[in-house]
Amino acid sequence: MSLTVFAMTGATLVGLGVYGLLARVHMLRRIMAFNLIGSGLFLFFGAAGARGAALDPIPQALIITGIVVALAASALAVGLVVALARSSGTACLPDEAGDT
Amino acid sequence: MADIATYLLTGLGLVFFIAGTVGLIRFPDQFSRLHALTKGDNLGLGFIALGVAFQTDTWAQVAMLVLIWGLALLAAGTVAPLVARAALTESRKP
Amino acid sequence: MTIWLHILAIALLASLGGALWRVWRGPSQADRMMAAQLIGTGGVAVLMVLAALQDWTLLAVAFALATLAALAAVGFVKSESPDGAGDPEEAPPATELRGTVQDRTRNG
Amino acid sequence: MSLVLDIALCALILGVGLATVAGHGVFRAVIFFITYGLLLAIGWARLGAYDVALAEAAISAGLTGVLLLAAHGRLRRLSAAEEAPLRRNLPAALIATGVALALGWAWFALPDPAAPDLTAALPQSGVGNPVTAVLLNFRAWDTLLEAIILLAALIGLWMLARDRAWNEPLGLQYHARAGGVMASFGRVLPPIGLIFGVYLVWAGAETTGGAFQGGTVLAAVCLVSLMAGVLPAPRIAQTAWRAALVFGPGVFLLSGVAGAIFAQGFLALPPALAKPAIVTIEAALTLSIAVTLVLLVIGPPDDGGQDA
């Protein structure tokens, strides 16, 4: 039962992240929304790996590598956003900055 | 006996935690709020660590709890003056 | 004892919920940062209780959280300084504290 | 009772996630995202995934917060931290709801779990922690490639530097008042974190811990001493930093090649040598992960960005 609660939380977090990624214009928020999607999927995956009699270590190992890779990707994305803001003065994409 | 100590000490810790949160919500300006939560919470954490220590199996776990509390104090003691000064410069900006 | 530890953990989480309200409300950036700091301390407390409830290896997680509790706030005061790399202590000492301290609303 | 605890925790996690997406103001979202990581670490602890909880706690408390707050500060100085208020976006809401519902349905449609049969293989792996066994032995490929992905991300980040900035120190030039609170903190915390990080790597063979968790803790305390101005900012040209970056993947690759020559195949570890091999690879990998994460968080070489 608890596992279902965690899995549903994970699914909802993915939904929230997708919404943030699509509806939010500021790129820093999109990075955070993308991380919400990732961690929601991790939570879902982790809950699925905990259903057996013993805790399955393979999802855990994959999630640990996933968390570290997500951080690396976020750092690269943050670098890109700062570079964008430096060259264009805004942290939003050109076609969307206009209609906000 | 150990259980009674745990009940009392963790209960006391919880009271301090809730007091810290109430202070964070109710106090009128940011410097009083800073002071409420830094003091209330770290005292609360200390009592909870002490209460949990009565349930441990080995002395190494007790040492770990003490270390964790010490580290939390170090963090709070560093953060509170720094954030207070940052808030001061922020509020002095025109 | 198990039931009490559960109640304790739930009550601590509820108190974290109160701190989250302050993160939402602000009004100053320092308020939000300090409320996040409280959530870090509360998280350490919850992990201690869970360690007693589930497995003592969770103390390692609480230790990691306590060691790194100050990092976000240090990063915050760094990014608040004029060049993003300074230290509020480098500013000239505040002589006329009383007159200037105000709880000014600032959303960032 | 434990169900109530889980529901309370999940409610907090969801509330924080919602506030991150829906609240106005980038700074508010950043702070919510920091607390989100903390709550998620508690969630992993509840799920019994202690290694994941440790990794999540170290990364979200130590690195994500510093990264995002520094980014927000830079954007604010470039006056790019403001944002338009959230407008209702019906198509996005429909897509998001659809994705969430599909995932929720997938949970109930999942096949029954096959019992993991690692218990038979675990004594062969050389370590007692099944997660470490998976990371460094059974699925060593994943871990090797991940270490290389981290390097690739770092090189990608450095690509953003301008040519004339290439020899500049990386990131911002941190300074602090000598003898002040921050400078003292930058001297007190790193030794503690160093011991703890090394302990995590050593203990990771048998209990909670491992190269990623230890490396993250080391990276975080290294970041503290950088921010406190105790450690001078590194430069790309410095051989020691470059060597530290490739040391871990290098040792890992060498052991993989040795496995191909002397054992059953690439990255295969003979059971008799598995434990010393894993501990050696983990130690080397920890150093490289720590240095890579530090350099990723502080960012590319910075010439001040005058020509905006």
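Read top to bottom, the protein sequences are chains A, B, C and D.
In case it helps, the working numbering puts the first sequence at residues 1117 to 1216.
In case it helps, the working numbering puts the second sequence at residues 235 to 328.
In case it helps, the working numbering puts the third sequence at residues 4 to 111.
In case it helps, the working numbering puts the fourth sequence at residues 2 to 309.
For every residue, glycine included, the Cβ atom is placed at its ideal position computed from N, Cα and C.
Which listed residue (the options) has its alpha carbon closest to that of residue i
i, options, result
"D:LEU161", "A:LEU1192, A:THR1206 and A:MET1124", "A:LEU1192"
"D:ILE1", "C:LEU11, C:ALA14, C:SER84 and C:LEU23", "There is simply no residue 1 of chain D to check, as chain D begins at 2 and stops at 309 in what is shown."
"B:ALA236", "B:PHE288, B:LYS273, B:LEU271 and B:SER266", "B:PHE288"
"B:GLY254", "B:PRO315, B:GLY245, B:ASP263 and B:ALA270", "B:ALA270"
"B:LEU307", "D:PHE186, D:ALA50, D:SER80 and D:ILE282", "D:PHE186"
"D:ALA12", "C:LEU19, C:ILE10 and C:PRO91", "C:LEU19"
"D:LEU171", "D:ARG236, D:ASN138, D:THR217 and D:GLY205", "D:ARG236"
"D:GLY66", "D:ALA72, D:GLY44, D:ILE35 and D:ALA179", "D:ILE35"
"B:ASN276", "B:ALA321, B:ALA297, B:ALA309 and B:ARG260", "B:ALA309"
"D:THR316", "D:ALA259, D:ALA220, D:LEU232 and D:GLY230", "Because chain D is modelled from 2 through 309, residue 316 of chain D falls outside the range shown and cannot be assessed."
"C:ALA76", "C:ALA55, C:GLY29, C:ALA38 and C:TRP7", "C:ALA38"
"D:ILE60", "C:ALA67, C:LEU62, C:LEU61 and C:THR60", "C:ALA67"
"D:VAL218", "D:GLU207, D:VAL295, D:VAL231 and D:GLN174", "D:VAL295"
"A:TYR1135", "D:HIS176, D:LEU91, D:ALA97 and D:ALA101", "D:ALA97"
"D:ASP7", "D:GLY44, D:PRO272 and D:LEU173", "D:GLY44"
For residue j and residue i, the rounded distance between their alpha carbons
i, j, result
"A:ALA1164", "A:VAL1185", "21 Å"
"D:LEU136", "D:THR144", "6 Å"
"D:LEU224", "D:THR21", "25 Å"
"D:ASP164", "D:GLN239", "17 Å"
"C:ALA14", "B:GLY247", "11 Å"
"A:LEU1137", "B:LEU242", "47 Å"
"D:ALA46", "D:TRP167", "43 Å"
"A:LEU1171", "D:THR120", "11 Å"
"C:ARG109", "D:ILE299", "Residue placement at C:ARG109 is flagged as unreliable, the pLDDT there being 42, under the threshold of 50; a coordinate-derived value is accordingly withheld."
"B:GLY278", "B:GLY304", "13 Å"
"B:THR244", "A:ALA1123", "31 Å"
"A:GLY1218", "A:LEU1209", "Residue 1218 of chain A is absent from the structure shown; chain A starts at 1117 and stops at 1216."
"B:VAL313", "D:PRO86", "31 Å"
"C:ALA88", "C:LEU11", "41 Å"
"D:GLY205", "D:PHE248", "20 Å"
"A:PHE1158", "D:LEU41", "10 Å"
"A:VAL1141", "D:GLU169", "32 Å"
"D:VAL199", "D:GLY215", "6 Å"
"D:ALA256", "D:GLN125", "The displayed chain sequence assigns Ser, not Ala, to residue 256 of chain D. The alpha-carbon atoms of D:SER256 and D:GLN125 are separated by roughly 17 Å."
"D:ALA245", "D:GLY105", "44 Å"
"A:GLY1133", "A:LEU1144", "13 Å"
"C:GLN32", "A:THR1120", "37 Å"
"D:ALA71", "A:ARG1202", "15 Å"
"C:ARG25", "C:ASP34", "7 Å"
"A:GLY1131", "D:GLU83", "25 Å"
Three-state class that DSSP yields for residue i in the structure shown
i, result
"D:PRO114", "coil"
"D:ARG243", "helix"
"A:ASP1215", "Summary for A:ASP1215: the model assigns pLDDT 48, below 50, so the residue's position carries little reliability; its value from the coordinates is reported in the next sentence. In this structure, A:ASP1215 counts as coil in the three-state DSSP scheme."
"C:PRO91", "helix"
"D:PRO191", "helix"
"D:LEU171", "strand"
"A:PRO1210", "helix"
"D:ARG88", "coil"
"D:PRO301", "coil"
"D:ARG236", "strand"
"A:ARG1145", "helix"
"C:GLU83", "helix"
"B:GLN289", "coil"
"D:GLU83", "coil"
At a CB distance below 8 Å, what residues from the segment 69 to 80 of chain C approach chain B? Give them in sequence order. If the cut-off is 8 Å between Cβ atoms, the segment 69 to 80 of chain C has ALA69, THR70, ALA72, ALA73, ALA76, VAL77, PHE79 and VAL80 near chain B.
If you measure beta-carbon to beta-carbon, which residues of the segment 195 to 209 of chain D are closer than 8 Å to chain B? For the segment 195 to 209 of chain D, the set of positions with a beta-carbon nearer than 8 Å to some beta-carbon of chain B is empty.
Taking Cβ-Cβ distances below 9 Å as the criterion, which residues of the segment 20 to 43 of chain D are in contact with chain A? Of all residues in the segment 20 to 43 of chain D, only THR21, VAL22, ALA23, VAL27, ALA30, VAL31, PHE33, PHE34, TYR37, GLY38 and LEU41 come within less than 9 Å of chain A when Cβ atoms are compared, listed by chain position.
Any residues in the segment 1158 to 1174 of chain A with a beta carbon nearer than 9 Å to a beta carbon of chain D? Which ones, in chain order? So the list reads PHE1158, LEU1159, PHE1160, GLY1162, ALA1163, ALA1164, GLY1165, ALA1166, ARG1167, GLY1168, ALA1169, ALA1170, LEU1171, ASP1172, PRO1173 and ILE1174, given in the order they occur along the chain.
Contact set between the segment 40 to 61 of chain C and chain D, restricted to residues whose Cβ is under 8 Å from the partner: Cβ proximity to chain D below 8 Å picks out ILE42, GLY43, GLY46, VAL49, LEU50, LEU53, GLN57, ASP58, THR60 and LEU61 from the segment 40 to 61 of chain C.
Residues of the segment 294 to 311 of chain B with a CB closer than 9 Å to any CB of chain D: list them in chain order, please. From the segment 294 to 311 of chain B, only LEU301, LEU305, LEU308, ALA309 and GLY311 have a Cβ closer than 9 Å to chain D.
The segment 44 to 59 of chain C in contact with the segment 74 to 85 of chain C per 3-pair CB rule at 8 Å: Touching, no, given that fewer than three Cβ pairs across the two stretches are closer than 8 Å.
Is the segment 48 to 60 of chain D touching the segment 1174 to 1190 of chain A in the sense that three or more CB pairs, one from each, lie closer than 8 Å? The way I'd put it, the segment 1174 to 1190 of chain A does touch the segment 48 to 60 of chain D; three or more beta-carbon pairs between them come closer than 8 Å.
Can you pull out the residues from the segment 4 to 27 of chain C whose beta carbon lies closer than 7 Å to at least one beta carbon of chain F? The structure shown has no chain F; the protein chains it does contain are A, B, C and D.
For the segment 265 to 281 of chain D and the segment 151 to 158 of chain D, state whether three or more C-beta atom pairs, one from each stretch, are separated by less than 8 Å. When C-beta atoms of the segment 265 to 281 of chain D are compared with those of the segment 151 to 158 of chain D, fewer than three pairs fall below 8 Å, so the two segments do not count as touching.
Between the segment 159 to 176 of chain D and chain A, which residues of the former have a C-beta closer than 8 Å to a C-beta of the latter? Answer set for the segment 159 to 176 of chain D: LEU161.
Along the segment 209 to 232 of chain D, what residues have a CB closer than 7 Å to any CB found in chain B? Within the segment 209 to 232 of chain D, no residue has a Cβ that lies closer than 7 Å to any Cβ of chain B.
Would you check if there are 3 or more beta carbon pairs closer than 8 Å linking the segment 262 to 270 of chain D to the segment 226 to 235 of chain D? Contact between the segment 262 to 270 of chain D and the segment 226 to 235 of chain D is absent, because fewer than three Cβ pairs lie under 8 Å.
Residues in the segment 1190 to 1212 of chain A having any Cβ partner in chain D nearer than 8 Å: Those would be SER1190, ALA1191, LEU1192, VAL1194, GLY1195, LEU1196, VAL1197, VAL1198, ALA1199, ALA1201, ARG1202, SER1203, GLY1205, THR1206, ALA1207 and CYS1208, in chain order.
Residues, ordered as in the chain, of the segment 1120 to 1132 of chain A that lie near chain D by beta-carbon distance below 8 Å: Taking 8 Å as the Cβ-Cβ cut-off, the segment 1120 to 1132 of chain A approaches chain D at THR1120, VAL1121, PHE1122, ALA1123, MET1124, THR1125, GLY1126, ALA1127, THR1128, LEU1129, VAL1130, GLY1131 and LEU1132, given in chain order.
Using a Cβ cut-off of 9 Å, which residues of the segment 237 to 271 of chain B contact any Cβ in chain C, in chain order? Within the segment 237 to 271 of chain B, the qualifying residues are ASP237, THR240, TYR241, THR244, GLY245, GLY247, LEU248, PHE251, ILE252, GLY254, THR255, VAL256, LEU258, ILE259, PRO262, ASP263, GLN264, PHE265, ARG267, LEU268 and LEU271.
Mind listing which residues of the segment 100 to 120 of chain D have their C-beta closer than 7 Å to chain A's C-betas, in chain order? So the list reads VAL100, ALA101, LEU104, GLY105, TRP108, LEU111, PRO114, ALA116, PRO117 and LEU119, given in the order they occur along the chain.
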